[in-house]
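A.B. asks: My questions will all concern the structure given below.
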Amino acid sequence: MNPGEFNILDLIPQRPPMTMIDKLVYADERSAIGRLFVRESNLFCEKGHLCEAGLIEFIAQTAAAFTGYRNKTNRGAVSEGYIGAVKNLVITAMPPVNAEIQCEIVVENEIVGFTIIIGKVYYANQLIAECEMRILGANTLP
Numbered sequence: 160m161n162p163g164e165f166n167i168l169d170l171i172p173q174r175p176p177m178t179m180i181d182k183l184v185y186a187d188e189r190s191a192i193g194r195l196f197v198r199e200s201n202l203f204c205e206k207g208h209l210c211e212a213g214l215i216e217f218i219a220q221t222a223a224a225f226t227g228y229r230n231k232t233n234r235g236a237v238s239e240g241y242i243g244a245v246k247n248l249v250i251t252a253m254p255p256v257n258a259e260i261q262c263e264i265v266v267e268n269e270i271v272g273f274t275i276i277i278g279k280v281y282y283a284n285q286l287i288a289e290c291e292m293r294i295l296g297a298n299t300l301p
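Under my numbering, the letters of the sequence shown match residues 160 to 301, in that order.
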């Protein structure tokens, strides 16, 4: 099944108003692409723009949707995860309200309960944010 055919709430553990991804549009074995329409009502909007925390959460939820998609296609359940660390964060612009942004994530490594990804956010085909993120899977917690 194509990732775009899933309701995003079937792929992620987050629920409104904390949902920071509208659709998973692409996924392969090690990467995924998610989209978000920035609404004025978004909790992470300040002064007409999505703030830094919103961009970080968008990256994390794109990774969560990717994991949920992989789990669902393998008949598994959606699981929770937690941001363990964010490294080398660079943000060059904040997208305005009513913008559609896209996030690309690539899984660099999966080791000892952590997934390490590289996340990049684009607005109007311009890279506006990127980082390395370490995500701890809930199933590894004691």
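Even for Gly, the Cβ is constructed at its ideal location relative to N, Cα and C.
1. On a Cα-Cα basis, can you pick out the residue from E239, Q261, V245, A258 that is closest to A212?
2. Return the Cβ separation of I264 and I276 in integer angstroms, given the expectation that the two are a contact with Cβ distance under 8 Å.
3. For the candidate residues S200, F165, M160, whose alpha-carbon lies nearest to that of P176?
4. Starting from the N-terminal side, write out each stretch of the beta strand (DSSP E) that is 3 residues or longer and does not extend beyond the segment 199 to 276.
5. Secondary structure at L286, three-state DSSP: helix, strand or coil?
6. With distances taken Cα to Cα, identify the nearest neighbour of D187 among T232, I260, G296, Q220.
7. Just to check my reading of the structure: M292 and I242 have Cβ atoms closer than 8 Å, yes? What is that Cβ distance to the nearest angstrom?
8. Compute the Euclidean distance between the alpha carbons of M160 and I215, then round it to the nearest angstrom.
9. Going by other Cβ atoms of all chains shown within 10 Å of its Cβ, with 16 needed for buried, is L300 buried or exposed?
10. Among residues of its own chain, excluding the 5 on either side of D181, which ones have a beta-carbon nearer than 7 Å to its beta-carbon?
11. What residue range does the beta strand (DSSP E) around R194 cover?
12. How many Å lie between V266 and T178 at the Cα?
13. Could you check whether I294 and G240 sit closer than 7 Å to each other, using their CB atoms as the reference points?
14. I need the straight-line Cα distance from F165 to Q261, nearest angstrom please.
15. Based on the DSSP secondary-structure assignment, which residues constitute the bridge partners of M292?
C.D. replies: With the structure as the only source:
1. V245
2. 5 Å
3. S200
4. Here the runs fully enclosed are 240 to 250, 259 to 270.
5. It is a strand residue.
6. T232
7. 6 Å
8. 28 Å
9. Bear in mind that the predicted position of L300 carries a pLDDT of just 34, short of 50, making it unreliable; the figure below should be weighed with that in mind. The residue in question, L300, is exposed, as its Cβ has fewer than 16 Cβ neighbours within 10 Å.
10. Excluding sequence positions up to five before and after D181, its CB lies within less than 7 Å of the CB of I167, R194, L195, F196, all in the same chain and listed in chain order.
11. 190 to 196
12. Looking at the two C-alpha atoms, the distance is approximately 21 Å.
13. Going by beta carbons, G240 and I294 fall inside the 7 Å limit.
14. Counting only the Cα atoms, Q261 lies some 17 Å from F165.
15. V245, I276
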